[in-house]
Structures are given as C-alpha cells and as structure tokens.
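One structure below.
Residue numbers (our numbering): 1159 to 1505.
Structure, rendered in structure tokens:
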C-alpha cells in the first residue's frame, strides 16, 4: 500500500490549522509611524450655510388663514408665503378711509365758505373778525384731512402686515407653523434662503487663522456631494477680524461657486489649506494598504503591549502618493500592521 496520499492529506490539514497568537503576530509586517518632514495640509470641520437666510416673522397677531407653501418649495420674489386673518384690520382701514372722505367734504365746504367771506369782506359787508373766523375754519379742515389721511395710511400699512411675501427668489427652508395656528408678533412663520449664494463657515484657532491668511486659498470638501475638492481662491475666503472672547476662535467664511449643485444649508463640510513647516512636527503618514474601512469606521491595526494587533479608529487626511495622512488616532512610534486582513485573524 502506497503511503504518498496519506502524507499529502496530513500536509493539507496542517496548512488549514489557524496560527497561534504568537505565531500570527510574529509573521505580520509592521510600519513604524514617524513624523513627516514634508509640508502638509491642515483641515477643519465646518458647515454649509446660506449667505441670505431669512426668517419671516409675524408683526401682528391673528389666526393663520392661508399657508400656500411648504418646506422645499421654490418661491419667486414677492410671492405670498402666509396670510394672517386681516378682517379686523381691513375694517379699520375702511373706517379710516371713510373718515378721510368725510373730512375732505368738510374741507370743501370750508373752502367755499372762506371764498365767500373774502368776497364779502372786499365789499365791506363783514368785519375782519368774521373773515378771520372763516379762514381759521378752512385751515382747521385742512389739518383734519391731513391727520386723517395719515391715520388711514397707518391702517392700510397695518392691514398689509397680515400678508408675508418672499423678499427674494429662493427656497423655503422650513414652515414651523400650521394652518389655523395663532400668529404673534415676533413668531417665525416661514424661513427662506437663497440657494445661489452659499458659503462654508468654520471656527479657527488664532494660530490657524494666521496660517490661513498667509495661504493662497483653501480647498472645500463636502462628503457625499462633491467627487473632488473645490479649489477656492483667496479672494473668496474671508477671515473675520474679531475673535470670540470665550472660545478664542476666529470665524472664517468661504464662498462657494454658484456651479455647486445639491448643496444645502446645514451640510457637513471640511476646509483644507496648505500648511507650513510648523505643521510637519505633528504630521503622520501611513501606507494606504494599512487602512481598514468597515461601514462608517476607518481604522488601522496597531501593535499592542501584548504584541497582538489591535484595531484603532483613526481620522484620515489627504492622500500623499502611496501613503495617507492620519490626522488623529496615531502617534509617532506606533507600529501599524501592513496586512490588516491577516491582523484581523490574530487572536
């Protein structure tokens, strides 16, 4: 009986047995993290916001009787967005207009009477006192008309406040009220923003603000929307001149080009700008093959104190050739496994 098939079966079984922890860890290749001497990129998280974002609030009290728009609707400039019950205001405006008409009729009578009195005074039929009295009545009627016209204007303006119109063409961001709700002065009814003028805002430290001012521009990354980072010229980057006294951060605004489609206020964005030599001391690069991506988690296997690889979550920066910058999660001296699939099998 030949022994060759039996020997071959034993060898195959031996290769299928999982390696022990010590053996698996020993066969792994590690990359020791070192600080890069190259000038890198700095990044900062921010958000997309509209340059023109308006909350339209009620200026008068009343029930909401019309709400023809909803969130996401596109509106034109001057389009009606909401209407508040204005029956009482309309009646007040009509009453004021009627008072103006009555005062104008009285003025017409007083004017004719004054003209007759002047003719009689010219013929010496009446005294100066009678003429002065007619003139006083005429001037009083004039003043009455002026006052009532002003009141009618106020009433008409008050009636117009019951209709909210779009101040510019844009998109309805939110409608926090429902039909029939009671509107009160100062209560927001509709929010509108202009989708053609968007920007990314972020908060920088004072040191970062100085470096950003010295850079030639920034790159904008909007995950899930832009396939590549946008290069924004320095003329479209505004670093505000004041800092927050509590957090000591400086606001920065980066204007987005109108060609960006699909961006909406509130989206997550990230700003990138070229760093200087000061950034290289904290800059860490690892081979791209060492990166592990599982669902929404990004990490690397780092050699632990017991010699076994341990998965550690990291935050990545920009790729640099065959390496990737690691912003957080690694320190100089850490050893990263170059075969993450093999490292995952080590127990």
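The beta carbon of each residue, even a glycine, is placed where N, CA and C say it ideally should be.
Keep in mind the model is a prediction, meaning the values are calculated, not measured.
Going by CA-CA distance only, name the one from 1349, 1499, 1428 that's closest to residue 1476. Taking only the C-alpha atoms, the option nearest residue 1476 is 1428.
If you follow the alpha helix (DSSP H) that residue 1357 is in, where does it begin and where does it stop? Counting along the chain, residue 1357 falls outside any alpha helix (DSSP H), though it belongs to the beta strand (DSSP E) covering 1356 to 1363.
Spatially closest choice to residue 1364 from 1417, 1315, 1406, by CA coordinates: Per the Cα distances, 1406.
So within the stretch 1306 to 1368, which uninterrupted beta strand (DSSP E) runs reach at least 3 residues, ignoring any that extend past its ends? If one requires a minimum length of 3 residues, the beta strand (DSSP E) runs lying completely within the stretch 1306 to 1368 are 1321 to 1323, 1328 to 1332, 1346 to 1351, 1356 to 1363, in chain order.
What is the residue span of the alpha helix (DSSP H) that residue 1498 lies within? 1498 to 1503 is the span of the alpha helix (DSSP H), which, as asked, contains residue 1498.
Below 8 angstroms, how does it come out for the stretch 1326 to 1342 and the stretch 1247 to 1255: are there three or more Cβ pairs, yes or no? With a cut-off of 8 angstroms, the stretch 1247 to 1255 and the stretch 1326 to 1342 do not count as touching, because too few Cβ pairs lie within range.
Hey, how far is the Cα of residue 1333 from the Cα of residue 1221? The straight-line gap from Cα to Cα measures roughly 15 angstroms.
Tell me whether residue 1454 sits in a helix, a strand or coil according to DSSP, three-state version. Reduced to three states, the DSSP call for residue 1454 is coil.
Output needed for residue 1188: all residues of its chain with C-beta closer than 8 angstroms, excluding positions within five of it in sequence on either side, in chain order. Excluding residues within five positions, the ones whose Cβ falls inside 8 angstroms are 1461, 1493, 1494, 1495, 1496.
Give me the DSSP bridge partner(s) of residue 1220. According to DSSP, residue 1220 bridges with 1341.
Helix, strand or coil for residue 1212 per DSSP? Strand, per DSSP.
Sort out for me which residues DSSP pairs residue 1203 with in a bridge. 1428.
Using a Cβ-Cβ cut-off of 6 angstroms (strictly less than) and excluding sequence neighbours within five positions of residue 1223, which residues of its own chain qualify? The residues are 1241, 1243.
So residue 1186 is in the beta strand (DSSP E); what residue range does that whole segment cover? Boundaries for residue 1186: no beta strand (DSSP E) harbours it, and the DSSP string shows neither H nor E there.
Where does residue 1375 sit, in a helix, a strand or coil, going by DSSP? Of the three classes helix, strand and coil, the one that applies to residue 1375 here is strand, per DSSP.
Indicate, with yes or no, if the ligand NAD has a heavy atom lying under 7 angstroms from the CB of residue 1496. The ligand NAD is absent from the structure shown, which contains no ligands of any kind.
How about the stretch 1294 to 1301 and the stretch 1260 to 1269: do they share at least three Cβ pairs that are nearer than 8 angstroms? Segments in contact, yes.
Is residue 1276 helix, strand or coil by DSSP? Of the three classes helix, strand and coil, the one that applies to residue 1276 here is helix, per DSSP.
Are residue 1388 and residue 1377 closer than 8 angstroms when you measure CB to CB? Residue 1377 is positioned such that its CB atom lies closer than 8 angstroms to that of residue 1388.
Given 8 angstroms as the limit, is there contact between the stretch 1348 to 1355 and the stretch 1212 to 1220, that is, 3 or more CB pairs closer than that? The stretch 1348 to 1355 is in contact with the stretch 1212 to 1220.
Identify the residues that DSSP records as bridge partners of residue 1545: which are they? No answer is possible for residue 1545: it lies beyond the span of the chain, which begins at 1159 and ends at 1505.
Alpha-carbon spacing of residue 1177 relative to residue 1503, whole angstroms: Its pLDDT being 38, under 50, residue 1177 is placed unreliably by the model, and nothing is read from it.
Go ahead and label residue 1174 buried or exposed: buried means 16 or more other beta carbons lie within 10 angstroms of its beta carbon, across all protein chains shown. The predicted position of residue 1174 is uncertain, since its pLDDT is 30 and thus under 50; a value taken from the coordinates is nonetheless stated next. It counts as exposed.
Whose CA, out of 1355, 1322, 1366, 1304, lies closest to the CA of residue 1347? Comparing Cα-Cα distances from residue 1347 to each of 1355, 1322, 1366, 1304, the minimum goes to 1322.
Contact set for residue 1320: own chain, Cβ-Cβ below 8 angstroms, skip 5 residues either direction: Closer than 8 angstroms at the Cβ level, and outside the excluded window around residue 1320, lie 1218, 1220, 1241, 1242, 1243, 1244, 1247.
Nearest neighbour of residue 1257, chosen from 1448, 1311, 1330 [CA to CA]: The option with the nearest alpha carbon to residue 1257 is 1311.
Is the beta carbon of residue 1469 closer than 8 angstroms to that of residue 1444? Pairing residue 1444 with residue 1469 gives a Cβ-Cβ distance that is not under 8 angstroms.
State yes or no: is the C-beta of residue 1412 within less than 8 angstroms of the C-beta of residue 1390? Yes, the Cβ-Cβ distance between residue 1412 and residue 1390 is below 8 angstroms.
Residue span of the beta strand (DSSP E) that contains residue 1408, given as start and end: In the DSSP assignment, residue 1408 falls within the unbroken beta strand (DSSP E) covering 1407 to 1413.
Measuring CA to CA, which of 1369, 1404, 1331, 1261 is closest to residue 1309? The alpha carbon of residue 1309 has as its nearest neighbour, out of 1369, 1404, 1331, 1261, the alpha carbon of 1261.
Closest to residue 1290 by C-alpha separation, out of 1301, 1303, 1275, would be which residue? That would be 1275, whose Cα lies nearest to the Cα of residue 1290.
Considering only DSSP beta bridges, list what residue 1466 is partnered with. DSSP output for residue 1466 lists no bridge partner at all.
Taking the alpha carbon of residue 1235 as the reference point, which residue from 1325, 1421, 1200, 1302 has its own alpha carbon closest? If we check each option's Cα against that of residue 1235, 1325 comes out closest.
Comparing C-alpha positions only, which one of 1500, 1488, 1284, 1417 sits nearest to residue 1474? Of all alpha-carbon atoms in 1500, 1488, 1284, 1417, the one lying nearest the alpha-carbon of residue 1474 is that of 1488.
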